[in-house]
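Final position of the sequence shown in UniProt numbering is 479; the numbers increase by one with none missing.
From the three backbone atoms N, C-alpha and C, an ideal C-beta is built for every residue, glycine too.
As the structure is a prediction and not an experimental result, all values here were calculated from the model.
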Amino acid sequence: MIQFLLNDRPVTEEQLDPNLTVLSYLRTHQRRCGTKEGCASGDCGACSVTLGSVVDGKLTYQTVNSCLMLVSGLQGKQLITVEDLRQGKSLHPVQQAMVDCHGSQCGFCTPGFVMSLFSLQKNQPEWNRQQAEHALAGNLCRCTGYRSIMAAAEQSLSDVQPDSFDRQAQQVTEQLMNLTHEAIQTLEKNGRTCFIPKTVQQLAECCIAHPDAALLAGGTDLSLLITQRDQHLPKMISLGQVDALKACGEDDKHYQLGAAASLEHIADFMATRIPGFAGMLTRFASLQIRQLGTLGGNLANASPIGDASPTLLALNASLLLQHGDTQRTVPLDGFFTGYRQTVLRPGEFIHTILIPKVTVSPDFVTWKVSKRLDDDISAVFAAFNIHTDNGIVTRAHIAFGGMAATPLRAVACEQALCGAALSPETLARACQALEATFQPLSDFRASADYRLQVACNLLRRYVYRSNGLAITEVSRYVS
């Protein structure tokens, strides 16, 4: 059973197939067809909806891809769709702005844009163009053109007046807080089951009892098995209600990132602590994906082209794993054992990601090379965590994604740098070490030769930057 609010209406679903996406649920069970399916993979944003949830006693809003979110994730949330925005007999100011500014032609993508702007309006009353572009980066339009859509954003965000959602905020907050549960919830139908634990102890017990169950965090990758490959998962265990795994904190030695914390939450937490880490996340997929996806899920996925894995490898991160009541700590560079394979045992899960503070260089930097600036997968990703003393490299951690079957540290390259100045001769030796270490594959994103050349060029870029040479930074924010 799951309980949630559909706008302001309480909904209880006793039986639902846990493989059902929120998009399919809206269109087939609730007959709400304003939310569209464009790609069913989280790329176009036509399916965007807004989720309301209570965080630290305050109602917050997030735009998510309903084509990727599974229905178990609705537990304890408020689900808002484009049909809910109307204010009596009038359009919501965001909708009216799209009309006034001619921001819609075929209209298929329009509901998604409207929901992204609505969430931005609620979360950022003081906005700027960069924030608007950031919020809309996960919404694609193929016919209108973005100038009129950005004009609608400016109009709808420039003079924000209280609406029905503001007036109902306190009531909705109280309703959502009353939907909390202490026991393990179960959602099942058609012989498929999803367990929804509330505590880490309940999660551990579920994982021991059902070691064959798929762990569902944000579902941004797992859901693709359903929407793209027509597979169905007989058992899942949802981490969405385990608040202890969503916490981010620090002590004297480590930054501690909960495995089920969303990528966007982690970006906010790390923005002033390790700006290079937060910067990596701003180019990670889209805002809709980052507000669903989790760091633990990204690591457990073990993709060779992920951005978070090489970043954390360069930061010398380790993982706190839990199996029943037993915990163990594994260095991240020993976590990946092969293509999409890890040391995780059946029934074991990632609890916390640990980043040692002492190993973070003040000059830590990451670079991503992809065909698109936003919402794209890396061809090559590089992370450089290099310490120097009087111009001599004392410690180097360098990692790449897209260069091997797993995210990988460039150990030979690191050894070529340590104890030497960042000179042309040192750079040449380090590049030779890179070429000897990696044998990347060619695919539709990039050829093997291109990947090797880019990896060496990124190392050169780091050295030039460290030596004070001018580097041109390319920005999308061009008027």
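Local conformation of residue i per DSSP, three classes
i: R465; result: helix
i: D56; result: coil
i: S479; result: Legend: pLDDT at S479 = 30, less than 50; position of this residue unreliable, no value from coordinates given.
i: P424; result: helix
i: residue 480; result: Because the chain here runs from 1 to 479, residue 480 falls outside it and cannot be looked at.
i: A46; result: coil
i: I2; result: strand
i: H29; result: helix
i: P440; result: coil
i: residue 494; result: It is not possible to answer for residue 494, since the shown part of the chain is limited to 1 through 479.
i: T63; result: strand
i: P407; result: coil
i: T173; result: helix
i: S318; result: strand
i: A40; result: coil
i: E435; result: helix
i: P18; result: coil
i: L68; result: coil
i: L79; result: strand
i: S447; result: coil
i: R460; result: helix
i: L179; result: coil
Rounded distance between the beta-carbons of residue j and residue i, thought under 8 angstroms
i: V463; j: Q291; result: At roughly 36 angstroms, the Cβ-Cβ gap does not stay under 8 angstroms, so V463 and Q291 are not in contact.
i: V330; j: M177; result: So it is not a contact: roughly 37 angstroms between Cβ atoms.
i: G76; j: L179; result: 5 angstroms
i: D307; j: F284; result: 6 angstroms
i: G402; j: F384; result: Not quite, the Cβ-Cβ distance comes to about 15 angstroms (not below 8 angstroms), so this is no contact.
i: G73; j: Y61; result: Contact flag wrong, Cβ pair sits at about 15 angstroms.
i: V49; j: V22; result: 7 angstroms
i: P46; j: P111; result: The amino acid occupying residue 46 in the given sequence is Ala; Pro does not appear at that position. Contact holds; Cβ gap of about 7 angstroms.
i: V160; j: V114; result: With 8 angstroms as the limit, V160 and V114 do not qualify as a contact, their Cβ atoms being about 15 angstroms apart.
i: A396; j: A412; result: Rounded, the Cβ-Cβ distance is 11 angstroms, inconsistent with contact.
i: K198; j: Q241; result: 5 angstroms
Bounding residues of the beta strand (DSSP E) (the contiguous stretch that carries residue i)
i: V330; result: 326 to 331
i: residue 490; result: Nothing can be reported for residue 490, as the shown portion of the chain is limited to 1 through 479.
i: P120; result: The sequence as given places Leu at residue 120; Pro does not occur at that position. Here L120 belongs to no beta strand (DSSP E); instead the alpha helix (DSSP H) covers 110 to 123.
i: Q415; result: No beta strand (DSSP E) holds Q415; the alpha helix (DSSP H) holding it covers 411 to 417.
i: G249; result: 248 to 250
i: Q256; result: 254 to 258
i: A214; result: 214 to 216
Closest residue to residue i among the options (Cα-Cα distance)
i: K58; options: P111, P93, T173; result: T173
i: E13; options: V71, G34, A446, A302; result: V71
i: S66; options: D307, T342, S24; result: S24
i: Q175; options: G391, L459, R465, F4; result: F4
i: T359; options: F400, Q341, T311; result: T311
i: P18; options: T388, G258, K235; result: K235
i: G279; options: M270, R142, N385; result: M270
i: Q96; options: A151, T352, I398; result: A151
i: R451; options: S466, E435, R461; result: E435
i: Q288; options: T220, I226, T28, D243; result: T220
i: G324; options: Q161, C207, Q130; result: C207
i: R340; options: A300, C248, I386; result: A300
i: T227; options: S378, L321, C39, S309; result: C39
i: I237; options: Q231, G347, L281; result: G347
i: L239; options: H254, C248, A260; result: A260
i: H181; options: M1, A430, D374; result: M1
i: L20; options: P407, L233, E126, P197; result: L233
i: R445; options: S309, D252, S370; result: S370
i: D84; options: A137, N139, L6, L157; result: L6
Extent of the continuous alpha helix (DSSP H) run through residue i
i: S164; result: 164 to 167
i: Q131; result: 129 to 136
i: I226; result: 224 to 227
i: Y146; result: 146 to 158
i: R142; result: Neither: R142 is in no alpha helix (DSSP H) and is coded neither H nor E.
i: E264; result: 263 to 270
i: E205; result: 200 to 209
i: I289; result: 287 to 290
i: S238; result: Note, S238: premise wrong, no alpha helix (DSSP H); beta strand (DSSP E) at 235 to 238.
i: F195; result: Note, F195: premise wrong, no alpha helix (DSSP H); beta strand (DSSP E) at 192 to 196.
i: L295; result: 295 to 301
i: A308; result: 308 to 314
i: P275; result: 275 to 282
i: V11; result: Where V11 is concerned, there is no enclosing alpha helix (DSSP H), although the beta strand (DSSP E) it sits in stretches over 9 to 13.
i: Q185; result: Element bounds for Q185: not the alpha helix (DSSP H) but the beta strand (DSSP E), 185 to 189.
i: Q95; result: 93 to 100
Residues bridged to residue i [DSSP beta-bridge criterion]
i: K368; result: F381
i: S90; result: Q87
i: G401; result: F381
Any chain D beta carbon closer than 8 angstroms to residue i
i: S442; result: Given the protein chain composition of this structure (a single chain), no chain D is represented.
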